[in-house]
Ligand code: TMP
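In the working numbering, the protein residues as written are 23 to 237.
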C-alpha cells in the first residue's frame with residue numbers, strides 16, 4: 023500500500039501510440055501494489071462529458087469550427103474534473119486518465135494551430151492550479167501510429183486529419199515534454215509493446231517506490 027498522496031496520472035500520444043495497452047499495464051501495477059484508483063478518459067469520463075465526446079468525434083455535415091472544438095474540449099473537462107477527478111483525488115483515490123489538457127495543446131494548439139494563449143486562459147479558468155502529477159507521453163513516428171490506428175477500424179473525425187496535422191501534434195507533445203521535465207516523461211513507443219511496458223513499469227516502480235512488479 024502506498025502512503026503518498028493520490029496521484030493524477032495522464033497518458034498522451036498521437037493515434038496508435040499504444041496508450042490503451044500501456045494504461046492496462048499501469049493499472050496492473052497499481053493493482054499489484056494495493057493502490058486504489060479510477061480509470062477515466064478525455065474527452066469524456068462522465069455521462070455528460072461522454073455526450074460532448076460523441077459530438078466532438080462524430081462525422082457531422084456541419085463539423086465544429088476549431089474554436090467550437092476547443093471550447094467543447096474544455097466544457098467536457100470542466101464537468102469531468104469537478105464531478106469525477108477532483109472528488110477521487112480528494113478521497114485518496116489515484117486517477118489514471120487517458121488524455122487531458124496536454125492533448126488540447128497538441129491537437130487544438132499544434133494540430134489546429136489555435137493560439138496557445140487561448141488554451142492557457144481556458145486551462146486556468148477550468149483547472150485553476152490543478153495539473154497532473156505525472157504525464158506519460160508515448161511517442162511514435164506519425165506514419166507508424168496512423169497505420170496502427172487504421173488497423174483498429176473506422177477513424178473518428180479527428181483521427182481522419184492528414185499527416186501534416188499529426189506531425190504538428192507530435193511536435194507539440196515534444197515541446198510540452200521539453201518544457202515540463204519534472205511532470206512529463208516521454209517513452210519511445212516505436213519499440214515492441216513488451217519493451218515499452220517494461221521500461222514504463224521500471225520507471226514507475228522507482229518513481230513511486232513500489233515493491234510489487236505486476237508480473
Ligand atoms: P482517443 O482516441 O485517445 O480516445 O482521443 C479522442 C480524440 O480526441 C483524439 O483524436 C485526440 C482528441 N483530443 C483533442 O483533440 N483534444 C483534447 O483535448 C483531447 C482530450 C482529445
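C-beta: ideal position from N, C-alpha, C; glycine also.
As the structure is a computational prediction, the values presented were derived from the model and not from experiment.
Express the C-alpha separation of residue j and residue i in angstroms, rounding to a whole number.
| i | j | result |
| --- | --- | --- |
| residue 82 | residue 178 | 11 Å |
| residue 117 | residue 165 | 31 Å |
| residue 53 | residue 232 | 11 Å |
| residue 99 | residue 112 | 17 Å |
| residue 97 | residue 121 | 15 Å |
| residue 132 | residue 218 | 25 Å |
| residue 152 | residue 30 | 10 Å |
| residue 91 | residue 78 | 7 Å |
| residue 3 | residue 93 | Since the first residue of the chain shown is 23 and the last is 237, residue 3 is not available in this structure. |
| residue 15 | residue 126 | There is no way to answer for residue 15, as the model of the chain reaches only from 23 to 237. |
| residue 84 | residue 183 | 16 Å |
| residue 198 | residue 138 | 12 Å |
| residue 242 | residue 235 | The requested residue 242 does not occur in the structure, where the chain is confined to residues 23 to 237. |
| residue 169 | residue 223 | 26 Å |
| residue 47 | residue 95 | 27 Å |
| residue 104 | residue 162 | 32 Å |
| residue 144 | residue 59 | 27 Å |
Residue j and residue i - do their beta-carbons sit closer together than 7 Å?
| i | j | result |
| --- | --- | --- |
| residue 213 | residue 160 | no |
| residue 109 | residue 32 | no |
| residue 207 | residue 128 | no |
| residue 181 | residue 193 | no |
| residue 167 | residue 37 | yes |
| residue 106 | residue 68 | yes |
| residue 28 | residue 115 | yes |
| residue 43 | residue 215 | yes |
| residue 205 | residue 157 | yes |
Please classify residue i as buried or exposed, where buried requires at least 16 other C-beta atoms within 10 Å of its C-beta.
| i | result |
| --- | --- |
| residue 146 | exposed |
| residue 124 | buried |
| residue 65 | buried |
| residue 101 | buried |
| residue 35 | buried |
| residue 75 | buried |
| residue 119 | buried |
| residue 173 | exposed |
| residue 62 | buried |
| residue 45 | buried |
| residue 135 | exposed |
Worksheet item: At which residue ranges does the region 79 to 133 contain complete beta strand (DSSP E) runs of 3 or more residues, listed in the order of the chain?
Response: Taken in chain order, the whole beta strand (DSSP E) runs of length 3 or more contained in the region 79 to 133 are 116 to 120.
Worksheet entry | Within the region 160 to 187, ranges of the alpha helix (DSSP H) (whole runs, at least 4 residues) | 164 to 173
Fill in: Within the region 25 to 69, ranges of the beta strand (DSSP E) (whole runs, at least 3 residues)
30 to 35, 59 to 63
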